[in-house]
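Note sheet for the following structure.
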Amino acid sequence: MKKVLLVGNGAREHAIAQALTKNGRVELTTFAKARNPGIAAVSKDYVIGSLGDFSALLSCAKEIKPDFAVIGPDDPIADGAADALLTLGIHSVAPLKTLARLESSKSFTRDLVEKYNVPGNPIYKVFTHVDEAAIRSFIGELGGEYVVKADGLMGGKGVVVSGEHVKTVEEGIAFAKASIEKFGRVVIEEKFVGQEFSLMSFVDGNTVVDMPVVQDHKRAYEGDTGPNTGGMGTYSDANHSLPFLTEKDVADAHEITVQIMNALKKETGSDYKGIMYGGFIAVKNGVRLIEYNARFGDPEALNVLPLLKTDFVDVCEHIIAGTLSSLTVEFEKKATVCKYLVPNGYPENPCTGEKIQINEDLLNSLNSVDERLVSFYSSVDQRDDGLYLSSSRAIAFVGIADTLVKAEAIAEKACGSVSGPVFHRRDIGTVSLIGQRVNSLKLIRG
Ligand code: GLY
């Protein structure tokens, strides 16, 4: 048996835990800030600790002596959890701190793309001190269509887009000032118009192996309205692309990731070993880069990891050894639709501590030879008398089938198995919403 240390306790880490333990080759220890009943069910040991407390993490690692670690969330990766574990000789599927700037510093990534002539950057400027006149003038040069990106991690609240999150230039400038005060810099850039998609890749420093392309839904309510969330749901198609993308779009996004991996090596002298998650957008004349994350996406991981035919343990070991090119990584050719159930009031004022009930018979009835449902716990608290809501996304249901229509129907029925004060987006993965996206990009591309 291999010993593996998993860091994190969300639904993304539940999907990672399932992938690691699927073939019975792993004895899993989880280090997490809260107990996730799904992860606990497949872990041998479950250690509760703050993800920022590296001395607790290292004590846990010293005791279990894992063969390797997988670090799920952005914060410990950005803070150097992989570097800390390496002091004990433990390698991680997660980049070192200097490489994790790909996610934690938006200016680092924009400057890297520019320095190494990688395609995909917007027109942008980095501001390092509060100069309102200069910021206003640059926003004017962008025609008032702009994005302001804080230069550090802000739990999904670090980006504002003109016309969406900020209605006036004054609000945009105020956000830029706050970022400069907190992080010492801010990025202001051109706003892209098009369809966003997530391309996550396994990266070992030499080779990039893509996962199926996924589209996320950030807004809380149907019709892409309401406040931004961690992601209300996602879908991926059986051909591993999305209905509005061309083969060239996906190839261009892949090429950007390859060039960034090589640029990171030149810039830092180190190999990036982990997940590179490119947030891309298909625009009028090609593909542009919105941002990189240095980890699996959540929900995106929930779509792709259940499709992985190759043993994830082998994938992890080849990432660490830098030998991904010698491994054939295969995913099932199935469509997936993921829908998150969240507490009423989420994200601004979520009800917490309320009991929910799941009709397990209904869930079991959704599995057949060609179709299946997988469920992932996120922020739920399992007590002796049942499951209770915490303050964030609670449970994700992923329908897996030959077509998006069938996958969506499975996820939707699964959402109906839960009673309690929760809601979800019924429109994710539907013919109607996907059709709107296809048509919208068609119009943009002419
Ligand atoms: N799907 C959004 C994220 O993982 O950041």
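Residue numbering for the sequence shown follows my numbering, beginning at 369 and increasing consecutively. Beta carbons are placed, not taken as given, at the ideal position from N, Cα and C, and that holds for glycine.
| Query | Result |
| --- | --- |
| Opposing strand residues paired with residue 569 [DSSP bridges] | 578 and 644 |
| Chain-ordered list of residues that sit, by beta carbon, closer than 5 Å to a heavy atom of ligand 1 | 584, 599, 665 and 666 |
| Cβ contact check for the region 785-798 and the region 587-601: 3 or more pairs under 8 Å | yes |
| Cβ neighbour criterion (16 or more within 10 Å) applied to residue 378 | buried |
| Cβ neighbour criterion (16 or more within 10 Å) applied to residue 475 | buried |
| Residues sharing a beta bridge with residue 768, DSSP | 704 and 740 |
| Identified DSSP bridge partners for residue 543 | According to DSSP, which records beta bridges pairwise, residue 543 is partnered with nothing at all. |
| Cβ pair count under 8 Å reaching 3, the region 467-484 against the region 647-655 | no |
| Status (buried if at least 16 other CB within 10 Å, exposed otherwise) for residue 496 | exposed |
| Residue range of the beta strand (DSSP E) that includes residue 656 | 654-661 |
| Inter-residue Cα distance where the pair is residue 527 and residue 727 | 39 Å |
| Member of 714, 707, 588 and 683 whose CA lies at the smallest distance from the CA of residue 699 | 683 |
| Contact check, residue 764 vs residue 714, beta carbons under 9 Å | no |
| Distance between residue 755 and residue 462 (C-alpha atoms, nearest Å) | 31 Å |
| Boundaries (first-last residue) of the beta strand (DSSP E) holding residue 493 | 492-495 |
| Outcome for residue 400 when other beta-carbon atoms lying within 10 angstroms are tallied against a minimum of 16 | buried |
| Within 9 Å, strictly: CB atoms of residue 648 and residue 621 | yes |
| For residue 453 and residue 774, the rounded distance between their alpha carbons | 43 Å |
| Own chain partners of residue 561 with C-beta closer than 7 Å, once the 5 adjacent residues on each side are dropped | 651 and 812 |
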